[in-house]
C-alpha cells in the first residue's frame with residue numbers, strides 16, 4: 092500500500108481522495124500506465140479477498156480515468172458542415188438533428204422561389220401603376236380634363252413614383268445553433284437580414300459563435316437575439332417577409348403571434364414534430380392544442396398536415412387574414428408547411444368552406460367528409476350557409492359498424508402546383524447546393540403527381556387486410572378506377588397510398604371483383620371482411636392495364652433512410668445516456684463481491 096500511495100499521490104491524491112484527474116491527456120495516460128503496474132505489484136503476494144479488493148480498486152481507477160478522458164473528448168467542439176454553413180457543437184448543449192437536413196434544404200428551396208415570386212409581383216404592381224397613369228394621367232386639383240389629354244404620355248410616365256424596395260427580412264423563431272439562419276443568409280440571394288431568435292442563453296451564445304465562424308457575410312446579415320418568440324413576434328407586427336417557426340415539439344403556442352408578424356403576402360414556414368398528437372394517438376390533446384380532434388388511421392399523416400393548416404387558418408382569421416398553402420408535406424417524422432399570409436377581410440368569409448369534418452368507420456375505415464360551411468357564388472355576389480349533413484347514415488353501409496367523427500381539418504389543396512414545378516426546376520439546376528437533393532427530389536416528384544382536390548387517401552394493403560385477401564398492385568387498382576371513369580394518384584406520404592375521386596363504395600366494389608378473381612378462405616360471418624364480401628358488386632371492375640396509370644415508372648418517389656436511428660433526437664441540454672462499458676460492469680460486480688466478502 093505505501094508503494095501505491097507514493098505512485099498515485101502526485102496525480103490524484105490517492106484512491107481515497109476522489110479529486111478530478113488532471114485535465115491533460117498525457118498525465119491521464121501516465122496514471123493509466125502507473126496504475127496498471129501498481130496493480131501487478133500489490134496483488135502479487137495477496138490471496139483471497141485481498142486480491143478482489145485490489146482488483147476493485149484498480150477497476151475503479153480505470154473507470155474514473157475513462158470517464159475523465161470522455162469528458163476531455165466532450166469538451167472539444169464538433170464542426171458540422173451543411174451546405175455553405177458550418178457550426179460548432181458542444182455535446183448536446185444546443186439542439187441539432189442531422190435528420191432535419193431535408194427540412195432545411197426544402198426551406199431554402201421554397202425561400203428562393205418565394206423571393207423570385209415577390210420580385211415578379213413587385214414588377215407587376217409597378218407595371219399596373221404605369222399603365223394606369225399612361226391611360227388616365229395624374230390629374231391634379233388645378234388641372235382641367237383638356238389639359239390632361241394634351242399632356243404627353245412620356246411626361247406622365249416620368250411622374251410615376253417608384254415603389255421603395257424594403258430590405259427582405261427573415262425571422263427564425265427557434266434558432267438553436269443558428270445553422271438554418273446562417274444558411275439562409277449565405278445561400279439565398281436577396282435575403283438582407285435574418286434574426287436568429289432563441290430564449291436559451293446557451294443557444295444564443297452558440298449562435299453568435301457560429302455566426303462569427305462563417306465570416307463577414309454572415310456577420311452582416313445574421314443577428315442573434317435572446318427573447319421569447321411569442322412576445323418578440325407580437326411586438327413586431329407586419330415586419331418580417333418570412334417567419335420560420337420550427338420549435339422542439341408543438342408549434343401551437345407560437346401560431347397566434349406568428350400570423351401577425353408576417354407582412355401582407357409574406358411567407359410562414361411551420362414545423363410540428365408532435366406527430367403522436369396530430370396523428371390520432373391523443374385526440375383530446377390535439378383538440379386542446381390545435382382545435383381539431385384527430386383520428387388514428389392509415390391516412391393519419393396527411394390528416395396531421397391538414398389539422399395544422401386548419402389551426403394556422405383559424406389563428407389568421409382572427410386578424411382578418413387568410414392562408415394560401417404553397418407546399419405542405421410529411422417528412423420522416425414531422426409535418427412541414429409553407430403558407431402565404433394575406434390580409435383580406437372579405438376572403439376570411441370563405442374559410443368555413445375550406446374546412447371539413449371527417450366521419451371514419453370503426454370497422455372498415457371508410458371515411459367521408461362534411462364541409463363546415465358552403466359558399467354559393469351568384470354573379471358578382473356570394474352567399475354563405477352552414478354545411479349540410481350528416482353525409483353518412485347511422486351506421487356504415489359497407490360493414491354496419493359505427494362512425495367516429497373528427498376534425499375540422501383543411502380540405503382545400505395542400506400545394507400550389509406552379510410553386511412545386513418552379514421549386515423542382517430550381518432544385519435540378521442547383522443540385523450541388525442541396526445536401527439532401529435525392530430525398531427532396533423524390534419528395535417533390537411525388538407531390539407534383541398528387542391529385543390536388545382529393546383530401547386524404549386509402550391504403551390498399553389495409554383494405555385488403557380487412558378482407559383477408561391478397562393485396563392487388565396499385566397499378567391494377569389505378570387501371571380499374573381509370574376504366575370506370577375516375578381519377579387516381581399516389582401520395583408523398585406513403586407508397587401504399589391511393590388518392591381518388593371515386594366514392595368508397597366504388598373502391599370496395601373493385602376489391603370485391605378482385606376477390607372473385609382471387610378467392611380466399613371462408614371467414615366467420617361476423618367479421619368485417621365477410622360482411623363486406625356478402626354484398627354483390629354493383630360495378631364490374633375492368634383491370635385491363637391503362638397507359639400511364641401511375642405516372643412515369645422510371646421516376647423515383649421514395650427513398651430509404653440513409654442511416655440507422657434516422658429520426659427525432661432528445662431535447663437540448665439533456666444528457667445522452669451511453670451504454671455501460673465492460674470495465675464499468677466489472678467494477679460493479681467487484682463491488683458486489685467485496686460487500687459479500
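In the working numbering, the protein residues as written are 92 to 688. Ideal Cβ positions, reconstructed from N, Cα and C, are used throughout, including at glycine.
Q | Between the CA atoms of residue 576 and residue 617 - distance to the nearest angstrom | A | 33 Å
Q: Would you mind sorting residue 411 into buried or exposed? The rule is 16 or more other CB atoms within 10 Å of its CB.
A: A residue is called buried when at least 16 other Cβ atoms come within 10 angstroms of its Cβ; residue 411 does not meet this threshold and is exposed.
Q: Just mark residue 205 as buried or exposed, buried being the case when its beta carbon has 16 or more other beta carbons within 10 Å.
A: buried
**Q.** Classification of residue 355 by the beta-carbon crowding that lies within 10 angstroms, buried from 16 upward
**A.** With fewer than 16 other Cβ atoms within 10 Å, it is exposed.
**Q.** Boundaries of the alpha helix (DSSP H) in which residue 452 is found, first to last residue
**A.** Looking at the DSSP string, residue 452 is not in any alpha helix (DSSP H); the run it does join, the beta strand (DSSP E), is 446-452.
(Q) For the beta strand (DSSP E) containing residue 316, name the first residue and the last one. (A) Counting along the chain, residue 316 sits inside the beta strand (DSSP E) bounded by residues 313-317.
**Q.** Reduced DSSP secondary structure (H/G/I, E/B, other) of residue 345
**A.** helix
Q. Unbroken beta strand (DSSP E) runs of length 3 or more, entirely within the region 384-438: which are they?
A. 412-422, 425-434
Q) Candidates 178, 327, 200, 192: which alpha carbon is nearest residue 520's? A) If we check each option's Cα against that of residue 520, 200 comes out closest.
Q) Exposed or buried, residue 567, counting other C-beta atoms within 10 Å across all chains shown (16 or more means buried)? A) buried
Q: Please classify residue 352: does DSSP put it in a helix, a strand, or coil?
A: helix
Q. Pick from 626, 467, 615: whose alpha carbon is nearest that of residue 607?
A. 626
**Q.** residue 413 vs residue 430 beta-carbon contact at 7 Å
**A.** no
(Q) My output table needs one value for residue 708: the three-state DSSP class, helix, strand or coil. (A) Residue 708 is absent from the model: the chain starts at 92 and stops at 688.
Q) Under three-state DSSP, which class holds residue 550? A) For residue 550, the three-state secondary structure derived from DSSP is strand.
Q. Tell me which same chain residues have a C-beta within less than 8 Å of the C-beta of residue 344, skipping the five on either side of it?
A. 321
Q.
Do residue 417 and residue 395 count as a contact pair if the criterion is CB distance below 7 Å?
A. In this structure, residue 395 lies away from residue 417, with their beta-carbon atoms at least 7 Å apart.
Q. Under the rule that 16 or more other beta-carbon atoms within 10 Å means buried, what is residue 690, buried or exposed?
A. With the chain represented from 92 up to 688, any question about residue 690 goes unanswered, as that position is not in the structure.
Q | Whether residue 585 touches residue 455 by CB criterion (7 Å) | A | no
**Q.** Enclosing alpha helix (DSSP H) for residue 274 [first to last residue]
**A.** Here the alpha helix (DSSP H) through residue 274 covers 270-278.
Q) Does DSSP put residue 230 in a helix, in a strand, or in coil? A) Low local confidence applies: a pLDDT of 46 at residue 230 is under 50, so the model's placement there is unreliable, with the coordinate-based value given in what follows. Coil at residue 230, not helix or strand.
Q.
For the region 308-324 against the region 359-370, do three or more pairs of beta-carbon atoms, one drawn from each stretch, fall closer than 8 Å, so that the two count as touching?
A. no
Q: Note down the Cα distance separating residue 559 from residue 583, rounded to an integer number of angstroms.
A: Each residue's alpha carbon lies about 26 Å from the other.
Q) Secondary structure at residue 627, three-state DSSP: helix, strand or coil? A) coil
Q: Whole angstroms is fine: what's the gap from residue 37's alpha carbon to residue 490's?
A: In the structure displayed, the chain extends from 92 to 688; residue 37 sits before or after that span and is not available.
(Q) Within 10 Å of its beta-carbon, does residue 301 have 16 or more other beta-carbons around it, so buried, or fewer, so exposed? (A) buried
Q.
What would DSSP say about residue 245, mapped onto helix, strand or coil?
A. With a pLDDT of 46 at residue 245, under the threshold of 50, the predicted position of this residue should be treated as unreliable, though the coordinate-derived value follows. Of the three classes helix, strand and coil, the one that applies to residue 245 here is helix, per DSSP.
Q. Hey, residue 690 and residue 353: beta-carbon distance below 7 Å or not?
A. Nothing can be reported for residue 690: it is not among the residues displayed for the chain, which extend from 92 to 688.
Q | Three or more C-beta pairs below 8 Å linking the region 548-556 and the region 382-391 | A | yes
(Q) Which residue marks the beginning of the beta strand (DSSP E) containing residue 177, and which one marks its end? (A) 176-180
Q: Throw me the rounded Cβ distance for the residue 539 and residue 360 pair, which I believe falls under 8 Å.
A: Contact doesn't hold; Cβ gap of about 20 Å is too wide.
Q | Residues of its chain near residue 542, where Cβ-Cβ distance is below 8 Å and the 5 sequence neighbours each way are ignored | A | So the list reads 578, 579, 580, 590, 591, 592, once near-sequence residues are dropped.
Q) Hey, quick one: how far does the alpha helix (DSSP H) through residue 537 stretch, first residue to last? A) 528-539
Q.
Measuring CB atoms only, is the region 285-301 touching the region 261-269, in the sense that at least three cross pairs come out at less than 8 Å?
A. yes
Q) Can you name the residues that DSSP bridges to residue 474? A) 467
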